[in-house]
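Structure record follows, encoded as structure tokens.
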Amino acid sequence: MIADLKAGNGGSNGGGAVRNAIEVEHIVKKYGDFTAVDDVSFAVKEGEIFGLLGPNGAGKSTLIRMMTTLIPLTAGKARIAGHDVEKDPDAVRRVIGVIPQALTSDLDLTIEENLNIYAKLYDVPAKTRKAAIEELLETVDLTKWRDAQTKTLSGGMRRRLEIARGLVHSPQIFFLDEPTTGLDPVSRVAVWEMLTNIKAHRQLTILITTHYMDEADRLCDRIAIVDHGKLVALDNPTALKASVPGSNVIEVQFENPPADWEQRLHALTAVTSVQHEGAGMFRVLTSNGSRTTTELVEAAVQAGVPVRSLSVQNTTLDDVFVHYTGRQLRDELVKAYAFVMPPRPGIRP
Ligand SMILES: Nc1ncnc2c1ncn2[C@@H]1O[C@H](COP(=O)(O)OP(=O)(O)O)[C@@H](O)[C@H]1O
Ligand SMILES: [Mg+2]
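Our numbering applies: residue 98 is where the sequence shown begins, and numbers increase by one.
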């Protein structure tokens, strides 16, 4: 992971095989005494889908706002396609598309009017405007709704409109701040598919923020986990999951296992813990699920102990979050939405 972070700090945007689309170095944002973003560094390669994953209040939106020239940096540097966000904000704005966390399309306009206004705002030449909008409507599956007023759309359709709008000037780098928050599961998956599809047909680097583990896992080439303004881990989803000790859980039930069975299971390769839950049921934690499962079945056959049932579960990014922050991301979400309810004991302030 350290190597990954360092690779990002190489700086130069010329020469190398893969260029960095985004370079953030020791970036800090303070609001008075409060540090919202605390010395964060990372780089995003051209063509990558890069995720910022963290609970509410982690600093994700603040990071995006700094990278997209919306708010000044307290310290550090950010370069977007080689342009310094502070020295050359106009150049940055020309190469980026931004979907802010809040929906911002104009409710009284139709889908097509919303796209048209943006295209004009971004000086998309009249000649190419129409074709670009046609193609985007098709991409986000809104062609047949083009004349519908935006206020009549579902949340998922509005998000798709905003994705199309953010791409109308063919940006090189696309920033999406929690694009699926508040959407139902079907609409969320539709947005993922759309982004994957867009990515396959365009030269595009995508930076997305989310507090959904499954979203980051499914979409992102690499993920930076942020917590309390700090970057706590950065790697691809597979490596992040592999970095957690005991990354698989095997639940297995045997028929009449011998007395020393628990010890024998513990001796298998990569096992980090074994729990006997009664009635021949064991819960085996392992850092190598497939290897341990193979050995476990072989040991059972050799000892003549029948296996009644067996399941192997993968570590999820939830486990990764717990490993690096000491807390459940889900608890954090409960906390974030708990402001309308009386305080609950045991939840941190
Ligand atoms: N304009 C602001 N003034 C003061 N505090 C802010 C401001 N914007 C954000 N914050 C604080 O900074 C922290 C990070 O916020 P934000 O970047 O919105 O987090 P996230 O997008 O990860 O939910 C939060 O604690 C938030 O309350
Ligand atoms: Mg946010």
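Yeah, the Cβ is synthetic: ideal placement off N, Cα and C, and Gly gets one too.
In whole angstroms, give me the CA-to-CA distance for residue i and residue j.
i: Glu-374; j: Arg-380; result: 7 Å
i: Leu-150; j: Val-125; result: 18 Å
i: Ser-406; j: Arg-162; result: 51 Å
i: Leu-264; j: Leu-233; result: 8 Å
i: Val-182; j: Arg-176; result: 6 Å
i: Asp-244; j: Thr-207; result: 5 Å
i: Val-121; j: Ala-133; result: 15 Å
i: Ala-229; j: Leu-337; result: 38 Å
i: Glu-210; j: Leu-331; result: 40 Å
i: Glu-259; j: Ala-364; result: 55 Å
i: Lys-296; j: Thr-302; result: 8 Å
i: Tyr-309; j: Lys-227; result: 35 Å
i: Gln-300; j: Leu-362; result: 50 Å
For the beta strand (DSSP E) holding residue i, just list the boundary residues, first then last.
i: Tyr-309; result: Neither: Tyr-309 is in no beta strand (DSSP E) and is coded neither H nor E.
i: Arg-190; result: Arg-190 -> not in any beta strand (DSSP E); alpha helix (DSSP H) instead, spanning 186-192.
i: Arg-405; result: 404-411
i: Glu-348; result: 345-351
i: Leu-273; result: 270-274
Taking the beta carbon of residue i as the centre, do at least 16 other beta carbons fall within 10 Å, making it buried, or is it exposed?
i: Thr-166; result: buried
i: Tyr-128; result: exposed
i: Asp-357; result: exposed
i: His-266; result: buried
i: Val-431; result: Reliability fails at Val-431, whose pLDDT of 45 lies under 50, so the model's placement of it is uncertain and the value that follows must be treated cautiously. Counting Cβ neighbours within 10 Å, Val-431 comes out exposed, since fewer than 16 surround it.
i: Asp-314; result: buried
i: Pro-268; result: buried
Would you give the residue range spanned by the alpha helix (DSSP H) that residue i belongs to?
i: Ala-376; result: Unbroken run through Ala-376: none, as it is neither H nor E.
i: Asp-416; result: 414-422
How is residue i classed by DSSP in three states: helix, strand or coil?
i: Arg-380; result: strand
i: His-180; result: strand
i: Ala-245; result: coil
i: Gly-263; result: helix
i: Tyr-219; result: coil
i: Val-329; result: strand
i: Glu-143; result: coil
i: Val-115; result: coil
i: Gln-360; result: helix
i: Asp-324; result: strand
i: Ser-370; result: strand
i: Val-283; result: helix
i: Leu-301; result: coil
i: Ser-158; result: helix
i: Ala-336; result: helix
i: Val-121; result: strand
i: Leu-167; result: coil
i: Ser-202; result: coil
i: Leu-250; result: coil
Next item on the list: Mind listing which residues have their beta carbon within less than 5 Å of any non-hydrogen atom of ligand 1? Chain order is fine.
Entry: Result: Tyr-128, Ala-133, Asn-153, Gly-154, Ala-155, Gly-156, Lys-157, Ser-158, Thr-159.
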